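Remember, the working numbering sits 1451 above the position in the sequence shown when you count from 1. Glycine included, C-beta positions come from ideal geometry on N, C-alpha and C. The structure presented is a predicted model; accordingly, all values stated were derived computationally and were not measured. Only one structure is covered here, and it is reproduced in the block below.
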Amino acid sequence: MLKQLNLSRDLNCKFVRSYSSNRTHVVNSSASEHWRRRGGGFIEKWRLLGALIPILWLVPNGSSQDLDDGAKIYATFCAQCHGPNLEGGQASSFLDGIWNYASGYNLHRDNIKFGIPGTQMIAWGSVLKDEQIEAVLNFILEREKEMGVQPPPPNPLSETEHYNLKVEVLAEGLEQPWGIEFLDDRTAVFSEFPGRLRLLVDGQVDYRPIANTPKPATRPSGQSFGFMDVALHPNYAENGWIYLCCIDEVPEIVGDEPNRRCATRIVRGRIVDHRWVDEEVVYDPRPEDYTVVYDHFGARMLFDHEGYLYLSIGDRGRMLDSQSLARPEGKFHRMHDDGRPVDSNPYNSLEKYGVLPTVYAYGTRNAQGMALHPETHEVWAAEHGPMGGDEINVVKAGANYGWPLATKGLDRDGTVQTPHKSLPGMVEPIHYWIPSPAVGGIEFSTSPLFPDWKNNLLVGFLKHQQIVRIVLDGHTVAKEEVVMKESGRVREIKTGPDGSLYVLIDRRGMILRLTPEK
């Protein structure tokens, strides 16, 4: 039991509010905090164990009518730590609007059921049935709604080792902003996942969507979706090409039910007089590439220093296809700016055997971040793993990154996907995280405003709602620091022409600007 208890400074266990990980480096920690992390919190561990013992005595031998009621489940299993009115106690409050390790119903439910490795949040799935877990979660969320709980606004100042960061909210109320690129010193174009492109001009959003953009895909529920990353041609100033990675769909009828098959696609166009014009298809999926799965699209794009276009495509829930060179899923693709495969791609000569000539590397689950190293010109990528096993990799020709045959994480249902953490011939990650922070966009810091962060890798966390700064020594992580937290799901980080960091916050629909405080 004690080995599973890894206490944070505040003994928080709000599914989970805070954690202490042996892979996380703490900057400017006090002596008392250091002692707690090194073992000085032994007495506190016994205190938490004492709090858990009466809860364990309450574990029922079978289901009861009382335990089908969320309020009664909460009173029985949760109130001792979180307070009878959700106000907090030994663990934190549910009434402050902060959920550090989940955003969205399914993730909240998974955290209750499976716990979070490396934290004091135990796995309640061995105690409660699925419907009981959902009942208590529904009770908590309904109480939050009744109390008018809202997430707090971003902290206007974030203290880091080198800088006090000024955090400005440039826009809010957007719908899942996903990708952003600066067209010039004043203007950026950004995408919203439901299917819109907008402009950010002088730090202000022009809320008029760009007209005539591609038609978004549609979920069975009727919701539109599928505008993901945006990228600029290396010669954008001369040719005006803007690249949009979007989800294309092929509607069909199966029996009496509509069945929409989707795939990752790239188009390019120009914005003239607030309209999308001159559209061309750059990466066009084959008919057999369309599947009835609505996630794991990957969809991050990057131009390298030679002008080649990289595209990540997730496994689309077809895990073993990540290992098939005849399938686009679970791959990094490399192509010319117009979509033609690059002659030097590692499998280009095998096209006659069914191999996709655009495949550059494979064995990934859902890479949602890519960045070009400013000195080595290597393409670095962030892999969004299952429950644990989020990775940072360098994209190399012909590399196999292992998924799903080798992984550091469990599958989302808590089962062991594979007994292999690594296998011969498969590339080990530069870095990985357990538990999974849900890695999003990444960016190498090159701004003159942040000279102490030169060539550091900035990593956005969706689930953990943080930005982490990684100091690198070649391909080794020398240091890790959380530089922003509790502002929402970090989808993308981009350095602007003014040297500021522009951050897209997913579910809360915000664009933030980070600058060092003067």
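Can you tell me which of LEU1908, PRO1902 and LYS1945 puts its alpha carbon nearest to the alpha carbon of VAL1928? LEU1908
Mind checking who HIS1784 pairs with in its DSSP beta bridge? LEU1762 and VAL1810
Just mark THR1858 as buried or exposed, buried being the case when its beta carbon has 16 or more other beta carbons within 10 Å. buried
Would you check if there are 3 or more beta carbon pairs closer than 8 Å linking the stretch 1943 to 1955 to the stretch 1591 to 1602? no
State yes or no: is the C-beta of GLY1860 within less than 7 Å of the C-beta of GLY1876? no
Given LEU1965 as reference, the closest of GLY1539, ILE1591 and SER1609 once Cα atoms are compared: SER1609
Straight-line CA distance for ILE1573 to ASP1547? 22 Å
Considering only the alpha carbon of each residue, which of ARG1711, ILE1881, LYS1936 and HIS1747 lies closest to PRO1738? ARG1711
Whether GLY1891 touches ARG1942 by CB criterion (7 Å): yes
What is the DSSP secondary structure of LYS1523, reduced to helix, strand or coil? helix
Using 8 Å for Cβ pairs, my map puts ARG1716 next to ASP1735. What's the rounded Cβ distance? 6 Å
Give the DSSP-derived three-state secondary structure of ASN1589 in the structure shown. helix
Which residues share a DSSP beta bridge with ASN1851? TYR1813
Looking at the strands, I want to know which residues DSSP matches up with PHE1754. LEU1760
Decide if HIS1915 is buried, meaning its Cβ has at least 16 other Cβ atoms within 10 Å, or exposed. buried
How is SER1609 classed by DSSP in three states: helix, strand or coil? strand
Let's test the definition: count the other Cβ atoms within 10 Å of the Cβ of GLU1700 and tell me whether it reaches 16, buried, or not, exposed. buried
DSSP three-state call for SER1795: helix, strand or coil? coil
Whole angstroms is fine: what's the gap from ARG1767's alpha carbon to LYS1930's? 33 Å
With H, G and I counted as helix, E and B as strand and the rest as coil, what does DSSP make of SER1675? strand
If you run the structure through DSSP and keep just helix, strand and coil, what is SER1642? strand
Is it true that the CB of TRP1854 sits closer than 7 Å to the CB of GLY1820? no
Close beta carbons around MET1770, own chain, < 6 Å, minus the five adjacent residues each side: PRO1855
ALA1714 and PRO1797 - do their beta-carbons sit closer together than 7 Å? no
Just to check my reading of the structure: ALA1668 and PHE1676 have Cβ atoms closer than 8 Å, yes? What is that Cβ distance to the nearest angstrom? 6 Å
Find out if the Cβ-Cβ distance for the pair ILE1631, ALA1639 is shorter than 7 Å. yes
Nearest neighbour of GLU1731, chosen from ASP1788, TYR1804, THR1742 and ARG1659 [CA to CA]: ASP1788
Whole-number beta carbon distance between ASP1755 and VAL1830, since they are thought to touch under 8 Å: 6 Å
Can you confirm whether the stretch 1517 to 1537 touches the stretch 1575 to 1593 when touching is taken to mean that 3 or more C-beta pairs between the two stretches lie within less than 8 Å? yes
Are PHE1641 and ARG1647 close, meaning C-beta to C-beta below 7 Å? no
Would you report the Cα separation of SER1763 and GLY1539, rounded to the nearest angstrom? 42 Å
Buried or exposed: where does GLU1932 fall if 16 or more other Cβ atoms within 10 Å of its Cβ makes it buried? buried
When you compare only the Cα positions, how much space is there between VAL1743 and ARG1791? 27 Å
Does the beta-carbon distance from VAL1846 to ALA1812 come in below 7 Å? yes
How would you label ASP1772, buried or exposed, when you count the other beta carbons within 10 angstroms and need 16 or more for buried? buried
Have a look at the DSSP bridge pairing and note the partners of HIS1882. ILE1843
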